[in-house]
Structure formats: C-alpha cells, structure tokens
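Protein chains in written order, with the numbering used here: chain Y, 215 to 393; chain B, -9 to 177.
For every residue, glycine included, the Cβ atom is placed at its ideal position computed from N, Cα and C.
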C-alpha cells in the first residue's frame, strides 16, 4: 500500500496549539494508514487498535516537537512502528519466541506444496518476521533503521527477513527448493 | 549444483549481491525463477488491500487527551502549591535552618531550573523521533506521579526531600531527551 498523505500546514499549526478539532482531523487523516501498518505487523486486530490509540495519544503529546521537516506521515509512522514493535517485545516476554517460531514452522511445513494466500502466509510468520517483512518490503525501512527500532543489529534484521521470506515461499508453494 | 540462498536472493534484490551470486543467477534458470518469485511476492505485499480499524478509537483518544490535560493542570498547580506549602512549613518549624532544609531547597531549585530549561526547549519545537517521544512521555508520566505524591506529602521532610530529588533526576533525564537527544536514559 502506497501512502501519499498531505495535510495543510494550518491544520498542523492548530493541532500544535492543542485544538481538539484539529487533532481529530489529523486522527481522521492518518487513522487508516496507522491501523493498516499496525495490523500488518501484529497478529491480532485488538492489538492493532490499541497501537492506533497509543500512537495518536503520542502524536497529541508530541505534536509540538514536529517541526515540519519531512512528511508528517513519516513522523507518525515512526511512532506507530515503534509502538507496534514495543507490543511485539512485550508479547515475546510473555510467550517465548521459540515457541512461536516452532509453531509457525510446523504449520508452514504442514502446508508445503499447498498454495496459501499471501495474507494467511503472513499470519503464519513469527511476529518479528512479519514486522520485519512489512517494514522493509512495504514501508521501505532499511535494515539499519529496523535494527535500531528493534534494538537489534543489522544482521538480525537481515536474517529475520531471509527466514520470513523462506517461510513465505514454502507456505505459498512457489518454485523449486533451492539453497 | 549450488544454488542461491534466500540471503543471496534478497541481496540480489537489494543490489548488494556477491559476484558469485550475480554470475550464478545469470546462468541458473531455477534461481532466476526464484528471484522473479521474490520480486512478485514483494509486489503482492505492497498491493495488499488497506485494512481499516473496525472500531472508532477517536472517542477514547479524545477522552484520554482531555483527562490528561485536566490531570496535569490539577497536579502541576496543586503539586507546586503543596510543595511550596510543605517547604514553608518546614522552614517555619525550623527557622534556625538544618542541613535537611538546605538539601530540600537545593533539590527544589535544581528541579525548578531544569523545568525552566525544559520550557525553553519545548518552545523551539524540536523534532523528536518516535523513541524519543516515548521516553519523554514516560518521564512526564513519572514526574506527574511524583507531583501527585508531593501534593499528598505535606511536611514530611525526608519523604519530601526524596521525592524532590527523584523529580529533579527525572527532569534532568527529560531535558537530556529533549536537548541532547539521548537514546538511553535508564528506562
């Protein structure tokens, strides 16, 4: 999904003063892309809605710090991605990623040769793998940026992307086995 | 025959592949097909339909924003008044002055100085990253909690001193986030 959102400077200026109607207008302008980003990164819709809410609370709290350098969507997207990644980290503390990966691998293995649709295949990835795929392939973040946001290395981001794509490839039953 | 790994294919896609991978994919039909599939998969990901939130979260955001404003207005004004009253009480009870009083005054002055710095920084509209914004909001929340505790503490000297020191330390961290753009402030 390509995002090309612009909002009038005067609206941002009003939002900076705390004008609640201007803030609502910003919410309405960016609600869909923020939710979409969060929903694509996270496994369930409820969590994505929470990220949407947390993101806009943060936007309201920090809008005065936005100086208009770069696209507003880029700034809001950074907040949303960070919120979603924080949620993934919290989840990983609760249930070990190892279990998540093993479960996902088992499901994917079970479906080898059976073409799943891409959305279902994405759902079968680990939370981290899905987030890296979405941030890198769709949102256009670099491995350096993803590594920084996740508090991990560039290599971590690259290896997560490779593993996730290998799993997608198996789940979608595409091509011959290589590598 | 050795084929490209997924790492190789992704490196090819990013234009960062090794000489071996570039040469191999030129000769190997299977790996070229894999690379094409990778390109298509990424294109399909980008073309996935936009998902929309099933529920409107604006009313919850609005309520939280308004409640937060009210809480800050109440806590900052009451907190400052109560803290000032507590300090005045301490000074009245011990007009001769003690080391504790001096420390309390020093902690309050440090907190006030940092708060003043922060107001100047806030005024220049600096851009914060998402991470900086999160750190700042977490620190602001903790300061608000301390202000609430100070409002309830009245003239318990040791507790007040401890709270004022904590407040000044948090304020220092907040200034660091806003001014020096520190990535890590111990949270």
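Work out the CA separation of residue j and residue i for me, nearest whole Å.
i: residue 366 of chain Y; j: residue 95 of chain B; result: 43 Å
i: residue 378 of chain Y; j: residue 164 of chain B; result: 38 Å
i: residue 340 of chain Y; j: residue 275 of chain Y; result: 32 Å
i: residue 177 of chain B; j: residue 129 of chain B; result: Residue confidence is low: residue 177 of chain B scores 44 on pLDDT, short of 50, so the model does not pin down where it sits. No coordinate-derived value is stated.
i: residue 384 of chain Y; j: residue 343 of chain Y; result: 15 Å
i: residue 266 of chain Y; j: residue 50 of chain B; result: 11 Å
i: residue 100 of chain B; j: residue 59 of chain B; result: 25 Å
i: residue 373 of chain Y; j: residue -3 of chain B; result: 8 Å
i: residue 225 of chain Y; j: residue 158 of chain B; result: 35 Å
i: residue 252 of chain Y; j: residue 237 of chain Y; result: 20 Å
i: residue 229 of chain Y; j: residue 240 of chain Y; result: 8 Å
i: residue 290 of chain Y; j: residue 279 of chain Y; result: 12 Å
i: residue 160 of chain B; j: residue 137 of chain B; result: 12 Å
i: residue 107 of chain B; j: residue 363 of chain Y; result: 28 Å
i: residue 152 of chain B; j: residue 89 of chain B; result: 14 Å
i: residue 31 of chain B; j: residue 14 of chain B; result: 21 Å
i: residue 26 of chain B; j: residue 134 of chain B; result: 55 Å
i: residue 234 of chain Y; j: residue 52 of chain B; result: 8 Å
Sorted by chain position, which residues of the same chain lie with C-beta nearer than 8 Å to residue i's C-beta, five sequence neighbours on each side aside?
i: residue 29 of chain B; result: 3
i: residue 382 of chain Y; result: 332, 335, 336, 339, 347
i: residue 294 of chain Y; result: 248, 251, 252, 265, 266, 269
i: residue 154 of chain B; result: 73, 94, 97, 98, 101, 140
i: residue 356 of chain Y; result: 350
i: residue 254 of chain Y; result: 336, 344, 348, 352
Specify the secondary structure class of residue i as computed by DSSP and reduced to three states.
i: residue 29 of chain B; result: helix
i: residue 221 of chain Y; result: coil
i: residue 283 of chain Y; result: coil
i: residue 21 of chain B; result: helix
i: residue 353 of chain Y; result: coil
i: residue -7 of chain B; result: coil
i: residue 258 of chain Y; result: coil
i: residue 43 of chain B; result: coil
i: residue 8 of chain B; result: coil
i: residue 94 of chain B; result: helix
i: residue 340 of chain Y; result: coil
i: residue 387 of chain Y; result: coil
i: residue 366 of chain Y; result: coil
i: residue 361 of chain Y; result: helix
i: residue 173 of chain B; result: Residue confidence is low: residue 173 of chain B scores 46 on pLDDT, short of 50, so the model does not pin down where it sits. No coordinate-derived value is stated.
i: residue 37 of chain B; result: coil
i: residue 331 of chain Y; result: coil
i: residue 320 of chain Y; result: Confidence in residue 320 of chain Y is poor, its pLDDT being 44 and thus under 50, which makes the residue's placement unreliable; the coordinate value appears in the next sentence. Residue 320 of chain Y falls in the helix class under three-state DSSP.
Can you tell me whether residue i is buried or exposed, with buried defined as 16 or more other CB within 10 angstroms of its CB?
i: residue 250 of chain Y; result: buried
i: residue 297 of chain Y; result: buried
i: residue 261 of chain Y; result: buried
i: residue 231 of chain Y; result: exposed
i: residue 36 of chain B; result: exposed
i: residue 369 of chain Y; result: exposed
i: residue 8 of chain B; result: exposed
i: residue 222 of chain Y; result: exposed
i: residue 148 of chain B; result: exposed
i: residue 219 of chain Y; result: exposed
i: residue 5 of chain B; result: exposed
i: residue -8 of chain B; result: exposed
i: residue 301 of chain Y; result: buried
i: residue 361 of chain Y; result: buried
i: residue 351 of chain Y; result: buried
i: residue 56 of chain B; result: exposed
i: residue 376 of chain Y; result: buried
i: residue 122 of chain B; result: buried
Please decide whether residue i counts as near chain Y, where near means a Cβ-Cβ distance under 7 Å.
i: residue 34 of chain B; result: yes
i: residue 154 of chain B; result: no
i: residue 0 of chain B; result: yes
i: residue 10 of chain B; result: no
i: residue 165 of chain B; result: no
i: residue 137 of chain B; result: no
i: residue 131 of chain B; result: no
i: residue 159 of chain B; result: no
i: residue 41 of chain B; result: yes
i: residue 106 of chain B; result: no
Against chain B, with Cβ distances strictly below 7 Å, would residue i count as a contact?
i: residue 402 of chain Y; result: Residue 402 of chain Y is absent from the structure shown; chain Y starts at 215 and stops at 393.
i: residue 376 of chain Y; result: yes
i: residue 305 of chain Y; result: no
i: residue 338 of chain Y; result: no
i: residue 241 of chain Y; result: yes
What does a CB cutoff of less than 6 Å around residue i pick up in its chain, not counting 5 residues either side in sequence?
i: residue 1 of chain B; result: 7
Can you list, in chain order, the residues of its chain whose CB lies under 7 Å from that of residue i, leaving out five sequence neighbours each side?
i: residue 358 of chain Y; result: 368
i: residue 182 of chain B; result: The structure shown does not extend to residue 182 of chain B, since chain B spans only -9 to 177, so no value can be given for it.
i: residue 22 of chain B; result: 15
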